[in-house]
Amino acid sequence: MATILLSSVGSLFGPFGQIAGTLAGSAIDHALFGPQDRHGPRLKELAVTGSSYGTPIARHYGTMRSGGSIVWAADLTEHREREGGGKGQPKTVRYSYSASFAVALSSRPIERIGRIWAGGSLLRGKAGDLKAGGQLRVYNGHGDQPCDPLMEAALGAQCPAFRGLAYAVFEDLDLTDFGNRIPPLSFEIFAGAGSRMVELLLEDCGAGSARGVRLGELRGFAHEAGSVREVLQLVDRLWPLTVSTGEEGCAVRLASSGEEPVCALPPAVRWDEGDFGQLDGTSISRPTSGAGQLSALRYYDPARDFQPGLQYAGTVDDSSRTLQFPGVFDAGDALSLARRANVRARAAGERLQWRCSDLDPQLSPGAIVTAPGHSGLFQLLAREWRDGGVELELARHRPAEPVTAPPVADPGSAWAPVDRLPSQTVLRVFETPWNGVGNPAARVVYAAPCAPAGRWPGCTLYTVEDGAMVPLDIAAQERALCGQLVAPLAPSRALRFEPDASLIVQLIDHEASLISTDLRGIGRNENLLALGGEVLQFAQAIPLGLGQWQLTGLLRGRGGTERAAATGHPAGRAATMLDDRLLSLTSATLDPGSIRFAAIGPADDEAAFAALENGGASLRPLSPVHPRMQVMEDGALLLSWTRRARGQWGWPDHVDLPLVEESEGYEVVFGPSDAPLRRWTTSQPSLALPAGELASLTATLPGGLFYVRQIGTYDRSAPLELGRPA
Numbered sequence: 003m004a005t006i007l008l009s010s011v012g013s014l015f016g017p018f019g020q021i022a023g024t025l026a027g028s029a030i031d032h033a034l035f036g037p038q039d040r041h042g043p044r045l046k047e048l049a050v051t052g053s054s055y056g057t058p059i060a061r062h063y064g065t066m067r068s069g070g071s072i073v074w075a076a077d078l079t080e081h082r083e084r085e086g087g088g089k090g091q092p093k094t095v096r097y098s099y100s101a102s103f104a105v106a107l108s109s110r111p112i113e114r115i116g117r118i119w120a121g122g123s124l125l126r127g128k129a130g131d132l133k134a135g136g137q138l139r140v141y142n143g144h145g146d147q148p149c150d151p152l153m154e155a156a157l158g159a160q161c162p163a164f165r166g167l168a169y170a171v172f173e174d175l176d177l178t179d180f181g182n183r184i185p186p187l188s189f190e191i192f193a194g195a196g197s198r199m200v201e202l203l204l205e206d207c208g209a210g211s212a213r214g215v216r217l218g219e220l221r222g223f224a225h226e227a228g229s230v231r232e233v234l235q236l237v238d239r240l241w242p243l244t245v246s247t248g249e250e251g252c253a254v255r256l257a258s259s260g261e262e263p264v265c266a267l268p269p270a271v272r273w274d275e276g277d278f279g280q281l282d283g284t285s286i287s288r289p290t291s292g293a294g295q296l297s298a299l300r301y302y303d304p305a306r307d308f309q310p311g312l313q314y315a316g317t318v319d320d321s322s323r324t325l326q327f328p329g330v331f332d333a334g335d336a337l338s339l340a341r342r343a344n345v346r347a348r349a350a351g352e353r354l355q356w357r358c359s360d361l362d363p364q365l366s367p368g369a370i371v372t373a374p375g376h377s378g379l380f381q382l383l384a385r386e387w388r389d390g391g392v393e394l395e396l397a398r399h400r401p402a403e404p405v406t407a408p409p410v411a412d413p414g415s416a417w418a419p420v421d422r423l424p425s426q427t428v429l430r431v432f433e434t435p436w437n438g439v440g441n442p443a444a445r446v447v448y449a450a451p452c453a454p455a456g457r458w459p460g461c462t463l464y465t466v467e468d469g470a471m472v473p474l475d476i477a478a479q480e481r482a483l484c485g486q487l488v489a490p491l492a493p494s495r496a497l498r499f500e501p502d503a504s505l506i507v508q509l510i511d512h513e514a515s516l517i518s519t520d521l522r523g524i525g526r527n528e529n530l531l532a533l534g535g536e537v538l539q540f541a542q543a544i545p546l547g548l549g550q551w552q553l554t555g556l557l558r559g560r561g562g563t564e565r566a567a568a569t570g571h572p573a574g575r576a577a578t579m580l581d582d583r584l585l586s587l588t589s590a591t592l593d594p595g596s597i598r599f600a601a602i603g604p605a606d607d608e609a610a611f612a613a614l615e616n617g618g619a620s621l622r623p624l625s626p627v628h629p630r631m632q633v634m635e636d637g638a639l640l641l642s643w644t645r646r647a648r649g650q651w652g653w654p655d656h657v658d659l660p661l662v663e664e665s666e667g668y669e670v671v672f673g674p675s676d677a678p679l680r681r682w683t684t685s686q687p688s689l690a691l692p693a694g695e696l697a698s699l700t701a702t703l704p705g706g707l708f709y710v711r712q713i714g715t716y717d718r719s720a721p722l723e724l725g726r727p728a
């Protein structure tokens, strides 16, 4: 403001008056407001991939997170996939898109890349697994790296190899999870040791040497803007540096932190020229409170996935400022560096200027010296040859405090996406008795694809015919609840609810959960579990940890599976929840001979195979119940039973069950059920045998048994034992 005002006033006295007014106003502004900020290396908010022309590509040292720049991209590729249909049913065509592109990461060689973030999720995990379909190739930026084959195929002889530039190439990256657009990307880059940043920076630029300079707390640094000098000035705020020249050129080293002075300053002399402090050739100035100190340090924090962190240094006033440092620190190291910088700033604010007639060769910038007539130590900052001798600029030096463990500092909380490793698909395919929903003539097979806890992007189902996988045009996106029995389950008569019965099941997905219910819920067919060939229900689900659940309150043998309940189950038997997570494979999508199935997804190394369990259970009629045997007055034997129907899991009173089958029929046999001595068929739930015929049977096969089966439209039921004639 003073510059503008005095420049205008001075212009009234001509050009020289305007120049004088400008200089005077600039001096006043400098005294009031300090020097203007210079735009060198800066810390930025989290950057993502861009594609603007002219964007500088940073040099990365150590471990950093960077967005990079897209340097090549092909057109989006459209993919068509049919789902559903078969045997007259309509098909659904699903469209997806993929992209191929290259991203420049660093203008100097790197070692490797780690995680890749895409928006708010992880595209690549620590283990190097891509969490979306496609391929990734990384070129580390060495001078002999070849052209990428995909880019070379697209660009031909004009394809650059980008030697000296580290870049990544995505081929056919699936964009389904990103709205069919290339997502904003950022990369975790590893490029050597961050502590060697100064040494490597000078080597890359040929601006000097810094052998042995180690910035122990620095884990990474991004040089995106500013000259080498501005970078060194920024580093000097946290790690004091000194520069010397010699036969080999410019050399940078860490400033001495010792307590022993190199030498004493030569006697000060008085020059006649200029206005220079005291008459004895010295001038000393002391700082105002807080001048040159930091209020806070902003940096990249690895505990926050390299998002900017902030540590307060303990000094907050009008003259203190926040230092923006584009480097990676742990929170404790950042706090320690900021505090040490303030300690040095308070001491170095006291400046001493010293004029002498000659110069000791030991007095090079950075040297620790004593000054006659002044207590304590000083560090030589600069020297200037003048007509009358040498003018030295020194700052008060405070010896470094002993190195201690960094203070405890809180990096703050930040949301981070979960890095989940891919899980391999596990498949179970089975058939259960018809539940009364839909067409009773339609075969129903359930596919239960599942996977252990982790990233599972789903799978596609196939039938296996003559060793070849034939697609079913059915895809799974949700895990089924599958597991196995931990301990044997005792047999049950499956006649009523068993409140004290229990079993323990181990779920494949440890993160999955089961829900309890009550008797009303069981009456609504909730908590159905397919255990081998048995269907049962449970009331209470108690978690035991690590994916194990204790299921208590059992209703066994549901849907006519009491024969499986009567034999019990060994440990390790497959268990699957019957809910909407299952995929229904109806007769419309299955061939009658389909007995082997496969499933494979984007995260699978190989397909998962499964054989059909309980084949034919959905079309097989239920065996009759309530067997009765009655001897008539004339010696005839009357056999009778009660019919059951497929899909009628309840037993309503005063209501006759629907037939379900095309016609009612039964087969009665005498003797072994698989090789009977005699066979009868009837359309009624009873059969009368004359006394003579009965006597002939018992004489031929003493102790023989009668059995009955229901004859269904597609199969016969399991046999029901009617009894042994007296």
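Residue numbers (the working numbering): 3 to 728. For glycine and all other residues, C-beta sits at the position ideal for the given N, C-alpha and C. Treat the numbers as computed from the prediction; the structure is a model and nothing was measured.
For residue i, which residues of its own chain have a beta-carbon under 6 Å away from its beta-carbon, when the five flanking residues on both sides are left out?
i	result
LEU312	ALA298, ARG300
LEU429	PRO451, ALA601, ALA610, ALA612
LEU2	Because the chain is modelled from 3 through 728, residue 2 falls outside the range shown and cannot be assessed.
ILE286	LEU354
LEU556	GLU500, ALA503, LEU538, PHE540
Measure the alpha-carbon distance for residue i versus residue j and round it to whole angstroms.
i	j	result
ASP636	PHE672	21 Å
LEU187	ILE476	32 Å
TRP387	SER359	10 Å
ARG255	ALA76	48 Å
GLN479	ARG583	9 Å
LEU202	GLU80	45 Å
PRO328	LEU474	54 Å
PRO692	SER719	26 Å
ALA541	VAL410	50 Å
VAL633	LEU546	56 Å
PRO459	ASP150	29 Å
ALA155	ALA482	43 Å
ILE72	CYS207	25 Å
ASN182	LEU175	10 Å
VAL439	LEU78	44 Å
ALA492	ARG526	25 Å
ASN344	ALA315	8 Å
By alpha-carbon positions, which one of the options ends up nearest to residue i?
i	options	result
ILE506	PRO268, GLY485, MET199	GLY485
PRO704	ALA728, GLN712, PRO687, ARG445	ALA728
ARG126	ARG680, THR591, ARG457	ARG457
VAL446	GLY617, SER123, PRO623, ASP303	GLY617
SER494	ARG565, GLY194, LEU641	ARG565
ALA489	TRP551, GLY523, SER625, ILE713	TRP551
GLY603	GLY523, GLY135, VAL233	GLY135
LEU296	ALA266, VAL264, ARG348, PRO263	ARG348
PRO304	GLY116, ALA227, ASP176	GLY116
VAL627	ALA266, GLY562, GLU695, THR684	GLY562
ALA369	CYS265, SER425, TYR302	CYS265
SER415	LEU641, LEU592, ALA543, ARG306	ARG306
GLN309	LEU531, TYR464, TRP417	TRP417
ALA697	ALA605, SER425, LEU383, LEU639	LEU639
PRO424	GLU433, LEU124, LEU78	LEU124
ALA384	LEU337, LEU243, THR591, VAL657	LEU243
THR178	LEU217, ALA101, ILE118, ALA373	ALA101
Taking 7 Å as the limit between beta carbons, can you name the residues of its chain near residue i, skipping five residues before and five after?
i	result
ALA246	Note that residue 246 is Ser in the sequence shown, not Ala. Cβ neighbours of SER246 beyond the five flanking positions: ALA253, SER366, PRO367.
GLU663	PRO623, GLY714, THR715
ARG398	ALA349, ALA350, GLU352, GLY378, PHE380
GLU219	PHE331, ASP335, LEU339
My assumption, with CB atoms under 8 Å, is that residue i sits in contact with residue j. Please give the rounded CB distance.
i	j	result
VAL330	GLY222	4 Å
VAL537	PRO435	7 Å
LEU724	MET631	6 Å
ALA729	LEU138	Outside the shown range of the chain, which is 3 to 728, sits residue 729, and nothing can be said about it.
LEU770	GLY549	Outside the displayed span of the chain (3 to 728) sits residue 770, for which this structure offers no information.
GLU695	THR683	At roughly 15 Å, the Cβ-Cβ gap does not stay under 8 Å, so GLU695 and THR683 are not in contact.
ARG288	ARG346	Between ARG346 and ARG288 the Cβ distance is about 15 Å, and since that is not below 8 Å, they are no contact.
LEU497	HIS571	Contact doesn't hold; Cβ gap of about 18 Å is too wide.
So, at 8 Å on beta carbons, what are the nonlocal neighbours of residue i in its own chain, with the 5 sequence-adjacent residues on each side left out?
i	result
ASP412	ALA333
PRO111	ASN142, GLY143, HIS144, GLY166, ALA168, ALA193
- Message: My parser needs the beta strand (DSSP E) runs of 3 or more residues fully inside the region 529 to 608; what are they?
- Response: You should have 530 to 533, 536 to 547, 550 to 560, 576 to 579, 585 to 588, 598 to 602.
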